[in-house]
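Some notes on the structure that comes next.
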Amino acid sequence: MQLYMLDTSTASYIIKGEPVTVREHLLKVPMASVCISSITQAELLRGVARKPEAKRLSIAVKEFLIRVEIMPWDSDAAEAYARLRTSCEGEGTPLGTMDMLIAAHSVAVGAVLVTNDKAFYMVEHHLSLEDWTRSFDH
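Per our numbering, the sequence shown starts with residue 1, numbered consecutively.
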């Protein structure tokens, strides 16, 4: 079974329910094949912490985190990070730190990274990527 790791933006789209195409893609794959990195979990929780008045958002994030598999950062992810960051820096295409951590985590677990972040596509030869914001006919 193919594993799909959602980046933070894609997870946010699912939590907020927009764009609809993300939900349509999600419904086409077994929920057991969908995961997030613990790095994405941290970013989602930070977003909630920055908006303590946003009670609905807090509840939605908590419900999402209960339902999705959260992959723990481990030594395999750390090794993938070291290799990926070194390669990308050598090519002159480094990602931001959090993006690099999430990308490396997807490599370590053999997952397709689900993202619409253009930065990841600059290093797509190192990653397996899908953009669920695009409709199925693309």
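All C-beta atoms, glycine included, are put in the ideal place defined by N, C-alpha and C.
Could you please give me the residues that DSSP links to residue i through a beta bridge?
| i | result |
| --- | --- |
| Cys35 | Met5 and Glu69 |
| Glu130 | Val114 |
Between which two residues does the beta strand (DSSP E) carrying residue i extend?
| i | result |
| --- | --- |
| Leu113 | Val112 to Val114 |
Would DSSP call residue i helix, strand or coil?
| i | result |
| --- | --- |
| Val61 | helix |
| Gly92 | coil |
| Lys28 | coil |
| Asp74 | coil |
| Gly47 | helix |
| Ala54 | coil |
| Glu18 | coil |
| Ser12 | helix |
| Ser135 | coil |
So, under 8 Å CB-CB, residue i and residue j are touching, yes? Tell me the CB distance rounded to an integer number of Å.
| i | j | result |
| --- | --- | --- |
| Val37 | Gln2 | Inspection of the sequence shows that residue 37 is occupied by Ser rather than by Val. Not quite, the Cβ-Cβ distance comes to about 17 Å (not below 8 Å), so this is no contact. |
| Ala111 | Cys35 | 7 Å |
| Leu6 | Gln41 | Incorrect: roughly 11 Å between the Cβ atoms, too far for contact. |
| Val123 | Cys88 | 5 Å |
From which residue to which residue does the alpha helix (DSSP H) around residue i run?
| i | result |
| --- | --- |
| Ser106 | Thr97 to Val109 |
Practice task
Could you say if the region 73 to 84 and the region 52 to 64 meet the contact criterion of at least three C-beta pairs nearer than 8 Å?
Solution key: no
Practice task
Check whether the region 80 to 97 touches the region 12 to 21, taking contact to mean three or more Cβ pairs, one atom from each stretch, closer than 8 Å.
Solution key: Flag = no, the region 80 to 97 and the region 12 to 21 do not touch.
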